[in-house]
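Chemist: Going line by line, the protein sequences match chains A and B.
The opening residue of the first sequence carries number 1 in this note's numbering; numbering runs sequentially from there.
The opening residue of the second sequence carries number 1001 in this note's numbering; numbering runs sequentially from there.
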Amino acid sequence: MAKNELGEFEQIVLLSVLRLGEGAYGATIRMEIESVTGRSATIGAVHATLERIERKGFVSSWMGKATARRGGKAKRHFKIEASGVKALKKTRATLQRLYAGLSLRSLSA
Amino acid sequence: MTPPFAAQVLVAAVTPPADYESVAGDLYEEYADRAELAGRTAADHWYWSQAIRSIPSLLLYSRSSRSLVASIATAAIVVFALVAMLILNELIGDAIFTVYRNVTGFGAWPFFLAGWMDAAFFGAVLAAIRQQGIRLTLIASFVLVAIIVIPILLGFSAPLSLHESLLLAGAVPAMSAGAVVFQIVRSWRLIRHLAVALSVVLLAAAAAGGADAPYESAQRLVEVGGGRHLNLYCSGAGSPVVVLEAAIGSSMYVWHKVQPALAQHARVCSYDRAGYGFSDPGGPPHTTSQNVADLHSLLTNAHVKPPYILVAHSLNAFDARLFADRYRGELAGMVLVDPSEVGEARFGSIYGKKKSDADTAANLKFIQTCTRKAERHLLKSGDDCVGPPDLHLAARLRRVQEQHDTAPALWDAVLSEETSLNADLREVTSQQRRYGNLPLLVLTAGAAEDGEKQQGASIAQIAAAKRLWKQLRDNDAAFSNRGINCVIPGVSHYVQLDKPEVVIEAVLQIIGDSKRAVKPSCARLL
């Protein structure tokens, strides 16, 4: 995959970060994916994807404080970056062009 | 309330150090919420599921965030997991084969059940790790088959028996079935149920496998003089004590189908003669006289109190006869299992002296060759001297047997027994024996002579030899007023392996007869 393209799961993770705003971190992102898409996601897959899209510059992250609710562990917060928004726009535009003029209803017979 | 400790360790092991804090924290947070809402068990399942299914993503995590040390650690974990799986597989395999040998009466079904359950379990685990696990499971099952089949095709391992082939053929669909069922029910409870069921089968196998334990290590090493120790294994309770004497070339293991069954009714002892099994090698030449002296010292020093019922096989029936001459008062009965006879020289008159002499010479030469090979550690399972491995044995026991069968000490002992045979022949072959009223049962193997067909003997010659055997064993039985010779049709020379129930019944009869004044009968053995 080219450096600025988004894979399907990357797109899902990135959109979840966007939807969650300030409350975006591993656990909430994982739950957002499950509740919105209905597909099960593992925490390992979520973190691996976050790390990958962070390297591409689509999101940035910073460590928060340790809390008792997390067994004394800190959380890593995520925030979408301008290039991330750009990548989402591009992906949406690509998909819209592909869908344009198609009637899925006529194909579903 | 904290997540399962082992699952936490798993997460720590596979997560890159830089991300451990946030990954473990995320898991903990959700675990706590779930435990509150759905209960601890459900939360535990969820945590395990997350931990296990996260392994592939976490291990394949970007290289840039991973230090060299972390990469090495990851590689080490993967290797460790592979080795652990191989060991687990070996243990499960052992247990399955134990089921195969020990659960009789149900045929081979427990063997297949345990094997396929094992396969289904691994299929379900694989499906649980990967979301679309069925393809992975299929690949894994074909890899499994390849790992087993390729070495056989290349000639590195022994071919599979019919049952093993069936087990392997069924393992592929069983693994897929496990994966498919997991995909459908998506329940970790399924994995747990399978694991519990498998453990139950394995534990049962381990309990049944206890029957092998005496043959996997030395039992009681008893001094018999000159600092030499012989390995003695006694089980059961009662008097008289049944003493099992194996033939040339066999360790006490040859009685493994007989001793456990007899031990339910009597005290039974088997032992390894000098140089055999776990007994010390060497010592004086292994004459019949020396064997008898060793056996008597062994029983005395181990405080195994007379009276004894001696059960002796083949060539070492001579030991039993000489023992009876010397210690008649200590015997309550005797069973000779297809015993060797001095009159065997007379078989020259049936098969021709030339063939008879040639057979004897060839046999000695064979033993000498094997002894030389053993001394140079050239023997291995599957060659002419040792013979093919018994694929029904658990791997552990198979290794022990191979060690014994290739040991220079064993072949020295066999050679010594073979060449010492004539040393005290006059005393051993005395026809002047009178055992009084000693209950005595001679078992003649009806099919022992049939192998001569392959050696070019005619049907008439074999029939004549069978008649001669019967006559010689009848003479043997006539040493006692309460002796009888029973010809058991269709059974080979190794009666105790071929039809153990005949030997067991014979010994039980002698135990009973030693307490009543009746003559043994053949009716119950047929």
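The beta carbon of each residue, even a glycine, is placed where N, CA and C say it ideally should be.
B:L1190 versus chain A: which residues are under 7 Å apart at the beta carbon?
Modeler: The residue labelled residue 1190 of chain B in the question sits at position 190 within the second sequence. Simply none; closest approach about 16 Å.
Chemist: Whose C-beta lies closer than 6 Å to the C-beta of A:A24 among residues of the same chain, with five residues either side of it excluded?
Modeler: Counted from its first residue, the first sequence places residue 24 of chain A at position 24. Answer for A:A24: V17 and F78, listed in chain order.
Chemist: Residues of the stretch 21-37 of chain A with a CB closer than 8 Å to any CB of chain B: list them in chain order, please.
Modeler: The residues in question are Y25, G26, A27, R30 and M31.
Chemist: Considering only the beta carbon of each residue, do A:I33 and A:I53 sit closer than 7 Å?
Modeler: Here residue 33 of chain A refers to the residue found at position 33 when the first sequence is read from its first residue. Here residue 53 of chain A refers to the residue found at position 53 when the first sequence is read from its first residue. Contact flag unset, no.
Chemist: Any C-beta of chain A sitting closer than 7 Å to the C-beta of B:E1029?
Modeler: In the second sequence, counting from the first residue as 1, residue 1029 of chain B sits at position 29. Cβ-Cβ to chain A under 7 Å: yes for B:E1029.
Chemist: Can you give the Cα-Cα distance for B:G1348 and B:F1142, rounded to whole angstroms?
Modeler: Translated into the one-based positions of the second sequence, residue 1348 of chain B becomes position 348. Translated into the one-based positions of the second sequence, residue 1142 of chain B becomes position 142. About 57 Å.
Chemist: Starting from B:A1024, trace the alpha helix (DSSP H) in both directions and tell me its first and last residue.
Modeler: Residue numbering aside, residue 1024 of chain B sits at position 24 when the second sequence is read from its first letter. Per DSSP, B:A1024 belongs to the alpha helix (DSSP H) from P1017 to A1038.
Chemist: Please identify, using Cβ separations under 7 Å, the residues of the stretch 48-78 of chain A that lie next to chain B, in order along the chain.
Modeler: Of all residues in the stretch 48-78 of chain A, A48, E51, R52, R55, R69, R70, G71, K73, A74, K75 and R76 have a Cβ within less than 7 Å of some Cβ in chain B.
Chemist: Measure the alpha-carbon distance for B:P1017 versus B:P1408 and round it to whole angstroms.
Modeler: Working through the second sequence from its first residue, we reach residue 1017 of chain B at position 17. Working through the second sequence from its first residue, we reach residue 1408 of chain B at position 408. Computed Cα separation, rounded: 55 Å.
Chemist: Who does B:T1444 pair with in a DSSP beta bridge?
Modeler: Residue numbering aside, residue 1444 of chain B sits at position 444 when the second sequence is read from its first letter. DSSP, once it has assigned bridges, lists B:V1487 as partnering B:T1444.
Chemist: Counting only Cβ pairs nearer than 8 Å, list the residues of chain A close to B:V1023.
Modeler: Taking the second sequence and counting its residues from 1, one reaches residue 1023 of chain B at position 23. Residues of chain A passing the Cβ test: G26, I43, G44 and H47.
Chemist: Between the Cα of B:L1443 and those of B:R1433, B:Q1455, B:D1384 and B:E1505, spot the shortest distance and give me the residue it belongs to.
Modeler: The count along the second sequence starts at 1 and reaches residue 1443 of chain B at position 443. When only C-alpha atoms are compared, the closest one is B:E1505.
Chemist: I need the straight-line Cα distance from B:Y1351 to B:D1357, nearest angstrom please.
Modeler: Your numbering for residue 1351 of chain B matches position 351 in the second sequence. Your numbering for residue 1357 of chain B matches position 357 in the second sequence. Going by the C-alpha atoms only, they are around 10 Å apart.
Chemist: Taking Cβ positions, are B:V1507 and B:L1194 nearer each other than 7 Å?
Modeler: Numbered from its first residue, the second sequence carries residue 1507 of chain B at position 507. Numbered from its first residue, the second sequence carries residue 1194 of chain B at position 194. Taking 7 Å as the Cβ cut-off, B:V1507 and B:L1194 do not qualify as a contacting pair.
Chemist: Could you tell me whether any Cβ in chain C is nearer than 7 Å to the Cβ of B:D1019?
Modeler: The structure shown contains no chain C; the protein chains it does contain are A and B.
Chemist: If you run the structure through DSSP and keep just helix, strand and coil, what is A:T99?
Modeler: As a working mapping, residue 99 of chain A is identified with position 99 in the first sequence. Here residue 99 of chain A turns out to be Tyr, not Thr, going by the sequence shown. Helix, per DSSP.
Chemist: Would you list, in sequence order, the uninterrupted beta strand (DSSP E) runs of no fewer than 3 residues that lie entirely inside the stretch 1223-1263 of chain B?
Modeler: You should have 1229-1235 and 1241-1245.
Chemist: Tell me which residues of the stretch 1501-1525 of chain B have at least one Cβ-Cβ distance to chain A shorter than 7 Å, keeping chain order.
Modeler: Flagged: no residues at all.
Chemist: Have a look at B:V1503 and B:G1451 and give me their C-alpha separation to the nearest angstrom.
Modeler: As a working mapping, residue 1503 of chain B is identified with position 503 in the second sequence. As a working mapping, residue 1451 of chain B is identified with position 451 in the second sequence. So the two alpha carbons sit approximately 22 Å from each other.
Chemist: Pick helix, strand or coil for A:H77, following the three-state DSSP scheme.
Modeler: By one-based count along the first sequence, residue 77 of chain A stands at place 77. Correct three-state label for A:H77: strand.
Chemist: Hey, which unbroken runs of the alpha helix (DSSP H) at 4 residues or more fall wholly within the stretch 6-36 of chain A?
Modeler: Listed in chain order, they are 8-20.
Chemist: With DSSP run on the structure shown, which of helix, strand or coil describes B:H1313?
Modeler: Along the second sequence, one-based indexing puts residue 1313 of chain B at 313. Residue state, collapsed to three classes: strand.
Chemist: Looking only at its chain, what residues have a beta carbon closer than 7 Å to the beta carbon of B:W1255, apart from the 5 residues adjacent to it on each side?
Modeler: Here residue 1255 of chain B corresponds to residue number 255 of the second sequence, with the count starting at 1. So the list reads L1244, A1246, S1270 and Q1496, once near-sequence residues are dropped.
Chemist: Which same chain residues end up closer than 7 Å to B:Y1047 when comparing Cβ atoms and leaving out the 5 residues on each side of it in sequence?
Modeler: Position 47 of the second sequence holds residue 1047 of chain B. So the qualifying residues of the chain are P1003, P1004, A1007, L1027 and Y1031.
Chemist: Please give me, in chain order, every unbroken run of the beta strand (DSSP E) with length at least 3 that falls completely inside the stretch 1396-1456 of chain B.
Modeler: Listed in chain order, they are 1440-1445.
Chemist: Can you look up B:M1085 in the DSSP assignment and give me helix, strand or coil?
Modeler: Counting from one through the second sequence, the residue named residue 1085 of chain B turns up at place 85. Here B:M1085 sits in helix by DSSP.
Chemist: Quick one: grab the DSSP three-state call for B:T1041.
Modeler: Along the second sequence, read from residue 1 onward, the residue named residue 1041 of chain B stands at position 41. Helix at B:T1041.
Chemist: In terms of residue numbering, what span does the alpha helix (DSSP H) encompassing B:T1288 cover?
Modeler: For the purposes of this step, residue 1288 of chain B is identified with residue 288 of the second sequence, where counting begins at 1. That run of the alpha helix (DSSP H) goes T1288 to N1301.
Chemist: Which whole-angstrom value describes the C-beta separation of B:G1249 and B:V1487, a residue pair presumed to lie in contact below a C-beta threshold of 8 Å?
Modeler: As a first step, residue 1249 of chain B must be located in the second sequence, where it is residue number 249. As a first step, residue 1487 of chain B must be located in the second sequence, where it is residue number 487. That pair is no contact at about 24 Å.
Chemist: What number of angstroms, rounded off, separates the C-alpha of B:D1390 from the C-alpha of B:A1120?
Modeler: Start at 1 with the first residue of the second sequence, and residue 1390 of chain B comes out as number 390. Start at 1 with the first residue of the second sequence, and residue 1120 of chain B comes out as number 120. Each residue's Cα considered, the two are about 27 Å apart.
Chemist: Who are the near neighbours of B:M1001 in its chain, counting only those whose CB is closer than 6 Å to its CB and skipping five residues on each side?
Modeler: As a working note, residue 1001 of chain B is residue 1 in the second sequence. If we look at B:M1001 and ignore the five residues flanking it on each side, its Cβ neighbours are A1035.
Chemist: Interface residues of chain A around B:Q1050 at Cβ under 8 Å?
Modeler: Locating residue 1050 of chain B in the second sequence gives position 50, where the first residue counts as 1. T42, I43 and G44, listed in chain order.
Chemist: Against chain A, does B:Q1044 count as a neighbour if the rule is that its beta carbon must be under 7 Å from one of theirs?
Modeler: If you number the second sequence from 1, residue 1044 of chain B lands on position 44. Note that residue 1044 of chain B is Asp in the sequence shown, not Gln. So no, B:D1044 is outside the interface.
Chemist: Within its chain, find whatever has a CB closer than 6 Å to the CB of B:K1519; leave out the 5 residues flanking it on each side and keep chain order.
Modeler: For this step, residue 1519 of chain B is matched to residue 519 along the second sequence. Once the five neighbours on either side are set aside, the close Cβ partners of B:K1519 are R1482.
Chemist: Can you tell me which of B:A1237, B:D1319, B:S1199 and B:A1146 puts its alpha carbon nearest to the alpha carbon of B:M1117?
Modeler: Translated into positions along the second sequence, residue 1117 of chain B becomes position 117. Nearest of B:A1237, B:D1319, B:S1199 and B:A1146 to B:M1117, Cα basis: B:S1199.
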